[in-house]
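With positions in the sequence shown counted from 1, the corresponding number in my numbering is that position plus 13. Quick reminder that beta carbons are idealized off the backbone N, C-alpha and C, glycines included. Read through the structure below, which is laid out as structure tokens, and then see the notes.
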Amino acid sequence: MSDWEVRLSTSRGVPYFYNVDSGESMWEAPPGLTQEQVAALPGAKQHLLGSGGRPAQVRASHLLVKHSGSRRPSSWKEKFAELASKHSDCSSHAKGGDLGMFKPGQMQKPFEDATYALRVGEISDVISTDSGVHLILRTA
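Encoded structure:
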């Protein structure tokens with residue numbers, strides 16, 4: 014039986030893992046736990062697993078190239094972060110394109126749908142939104 018449970022951070026609004034015996038907490042799943050064990054932790058169903066077999070949240074990195082009709086025109090796996098840092102028109106370029114964790118409804122629909130359809134480690138085809146075109150790397 015694991016001493017870990019999944020809780021929701023009140024400051025960041027994302028789930029984290031908490032060890033009830035040691036008081037230790039971490040953002041990533043504790044080492045040594047399988048996906049099945051993580052899914053069985055107290056709080057996992059509420060904070061990690063969404064409806065319809067979709068995760069409650071995903072994490073992705075992206076590269077955005079703005080076009081003239083963008084919403085705000087002013088504003089390859091190993092090389093993805095480097096390419097995003099150099100070429101993305103999004104402020105996430107400073108973090109190699111990392112957008113952090115997000116839930117359904119927080120991103121434009123085509124971007125959200127494409128991200129949720131990817132498996133971790135997969136890169137999308139070109140996805141077009143009101144902001145521009147994106148390449149998405151699903152990272153969690």
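Among the options, nearest to residue i - alpha-carbon criterion
i    : options                  : result
A107 : F93, D138 and G45        : F93
L132 : D102, L21, S105 and R151 : Here the sequence assigns Arg to residue 132, which means Leu is not the residue at that position. Of D102, L21, S105 and R151, the residue nearest in Cα terms is R151.
I140 : P28, L77, M114 and Y31   : L77
E95  : D102, S105 and G109      : G109
E182 : T142, S105, A73 and Y31  : In this structure the chain extends from 14 to 153, so residue 182 is not present and cannot be described.
D34  : S15, L148 and G45        : S15
Near the ligand MN: residue i beta-carbon under 8 Å from a heavy atom
i   : result
W17 : Absence of the ligand MN from the depicted structure is noted, as is the absence of any ligand whatsoever, leaving it without description.
Residue i versus residue j - alpha carbon distance
i    : j    : result
G145 : P123 : 11 Å
H167 : V51  : Because residue 167 is not part of the residues shown, which for the chain are 14 to 153, the question remains open.
W17  : D126 : 31 Å
L21  : V27  : 6 Å
Y129 : S105 : 19 Å
D143 : N32  : 42 Å
S98  : H147 : 14 Å
Contacts around residue i, its chain only, beta-carbon distance under 7 Å, and the 5 residues preceding and following it disregarded
i    : result
K116 : A69 and Q70
Y29  : R20, S22, S38, M39 and W40
Chain-order list of residues whose beta-carbon lies under 8 Å from that of residue i (same chain, five-residue window excluded)
i    : result
Q119 : E125
Residue i - DSSP class collapsed to helix/strand/coil
i   : result
S74 : strand
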